[in-house]
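Q:
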Amino acid sequence: MENNEEIYLDDEFMSNLMENDAIGSFIRQGEAFKTLMAYYKCAIMEIETKFNVLNEDFSAEYDRNPIETVKTRLKSPESIIEKLHRKQLPFSAESIEQNLNDIAGVRVICAFPEDIFLLSDCLLQQDDVKLIKKKDYISNPKPNGYRSLHLIVEVPIFLHTEKRFMKVEVQFRTIAMDFWASLEHQIYYKKGHDAIELREELKNCAEVSAALDLRMQNIRAQINEE
Ligand code: 0O2
33 MENNEEIYLD DEFMSNLMEN DAIGSFIRQG EAFKTLMAYY KCAIMEIETK FNVLNEDFSA
93 EYDRNPIETV KTRLKSPESI IEKLHRKQLP FSAESIEQNL NDIAGVRVIC AFPEDIFLLS
153 DCLLQQDDVK LIKKKDYISN PKPNGYRSLH LIVEVPIFLH TEKRFMKVEV QFRTIAMDFW
213 ASLEHQIYYK KGHDAIELRE ELKNCAEVSA ALDLRMQNIR AQINEE
């Protein structure tokens, strides 16, 4: 029965393992990682609620919803490890919190471009939201045609023992920009596909769809004037 022998991990063995060993450090990091991810989830909920409140507010006041959809995501452990590795950063919960801004992600999809700027102003006016970084790929699209407004904000989450500030990446897109980005993402951004002719075609589509966004926005403006 030698092979089925059970191993009992006594307290001393466990504490030596936790204190001295690389495995111990890995397990401790695992616990810290789980806790940190829970904090990011709370921050996502805070930001999502803010947008739901704004949508209700606009609906009650002006009888329209500036937001089509709000999508949220917590970056996967694989993507976190890949990003730390790519940026040559240490693998620890502390390093993740200090160096990565996009663990918590909220994507706000609007019908019209002007609603994007309206909503981002409304968010940034809130006194518990601090702007850390802004990338306006709508006014300045990326060379590949990508359009979106990215904000990195910090919001407080209220835990049972403390108030903690967490970073959240908020991406604002129109439906058309989101459609384009999903397609482009499938083709290149993650898979490294390299077909030059598709790049040109995609860039062209981004321009056509940006023009369409503006034309439809003008139609809405005319309807509102009438
Ligand atoms: P995922 O899985 O969507 O999160 P930084 O974070 O500042 O060091 P980074 O990551 O280049 O630098 O920041 P940036 O430019 O703000 O882009 C972050 C996110 O925007 C990406 O996240 C994508 O979601 C989206 N994005 C940026 N550029 C493109 C693009 O050209 N095409 C598409 N489809 N999406 C883009 P992740 O982490 O790559 O992926």
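When you read off a place in the sequence shown, starting at 1, and then add 32, the result is the number in my numbering.
No residue lacks a Cβ here, since even glycine has one placed at the ideal position from N, Cα and C.
Just how far apart, CA to CA, sit Leu234 and Lys73?
A: Translated into positions along the sequence shown, residue 234 becomes position 202. Translated into positions along the sequence shown, residue 73 becomes position 41. Roughly 34 Å between the two C-alpha positions.
Q: What first and last residue would you give for the alpha helix (DSSP H) that runs through Arg252?
A: Numbered from its first residue, the sequence shown carries residue 252 at position 220. Start and end: 228-257.
Q: Could you tell me the distance, in whole angstroms, from the CA atom of Glu44 to the CA atom of Ala64?
A: To locate residue 44, count along the sequence shown from 1; it is residue 12. To locate residue 64, count along the sequence shown from 1; it is residue 32. Cα-Cα distance, rounded: 22 Å.
Q: Does the beta carbon of Asn176 fall short of 6 Å from some heavy atom of the ligand GDP?
A: Among the ligands modelled here, namely the ligand 0O2, the ligand GDP does not occur.
Q: Are there any heavy atoms of the ligand 0O2 lying less than 6 Å away from the beta-carbon of Ala213, as far as the coordinates show?
A: As a position in the sequence shown, residue 213 is number 181, starting the count at 1. Result yes, Cβ under 6 Å from the ligand 0O2.
Q: Measuring alpha carbon to alpha carbon, tell me which of Ala213, Ser214, Pro188, Lys103 ends up nearest Tyr71.
A: The residue you call residue 71 lines up with position 39 of the sequence shown. The shortest C-alpha separation from Tyr71 is found at Pro188.
Q: So is Glu216 buried or exposed if we call it buried at 16+ other beta carbons inside 10 Å?
A: Within the sequence shown, the letter at position 184 stands for residue 216. Glu216 comes out buried.
Q: Pull the bridge partners of Arg105 from the DSSP assignment, please.
A: Position 73 of the sequence shown, counted from the first residue, corresponds to residue 105. Arg105 pairs with Gly137.
Q: Which value, in whole angstroms, describes the spacing of the CA atoms of Ile113 and Asp153?
A: Here residue 113 refers to the residue found at position 81 when the sequence shown is read from its first residue. Here residue 153 refers to the residue found at position 121 when the sequence shown is read from its first residue. So the two alpha carbons sit approximately 33 Å from each other.
Q: Can the beta-carbon of Leu191 be found less than 7 Å from the beta-carbon of Ile148?
A: Position 159 of the sequence shown, counted from the start, is the residue given in the question as residue 191. Position 116 of the sequence shown, counted from the start, is the residue given in the question as residue 148. Their beta carbons are not under 7 Å apart, which means Leu191 does not touch Ile148 by this criterion.
Q: Applying the criterion that 16 or more other CB atoms from any shown protein chain within 10 Å of the CB defines a buried residue, is Glu257 buried or exposed?
A: Sequence index remark: in the sequence shown, residue 257 carries index 225 (1-based). Result: exposed.
Q: For the beta strand (DSSP E) containing Glu186, list its first residue and its last residue.
A: For the purposes of this step, residue 186 is identified with residue 154 of the sequence shown, where counting begins at 1. Per DSSP, Glu186 belongs to the beta strand (DSSP E) from 181-190.
Q: Who are the Cβ neighbours of Leu121 in its own chain at under 7 Å, not counting the five residues just before and after it?
A: Residue numbering aside, residue 121 sits at position 89 when the sequence shown is read from its first letter. Here the set comprises Ser127, Asn131.
Q: Check whether the Cβ of His182 lies closer than 6 Å to any heavy atom of the ligand 0O2, and answer yes or no.
A: For the purposes of this step, residue 182 is taken as residue 150 along the sequence shown, with counting starting at 1. Correct: His182 has its Cβ closer than 6 Å to the ligand 0O2.
Q: Could you spell out the range, first to last residue, of the alpha helix (DSSP H) harbouring Ile164?
A: The residue you call residue 164 lines up with position 132 of the sequence shown. Segment 162-168 is the beta strand (DSSP E) holding Ile164; no alpha helix (DSSP H) there.
Q: Below 7 Å between beta carbons: does that hold for Val185 and Val161?
A: Indexing the sequence shown from 1 puts residue 185 at position 153. Indexing the sequence shown from 1 puts residue 161 at position 129. It is a contact, given that the beta carbons lie within the stated cut-off.
Q: Going straight from the alpha carbon of Asn176 to that of Leu246, what length do you get?
A: As a position in the sequence shown, residue 176 is number 144, starting the count at 1. As a position in the sequence shown, residue 246 is number 214, starting the count at 1. One C-alpha to the other measures close to 20 Å.
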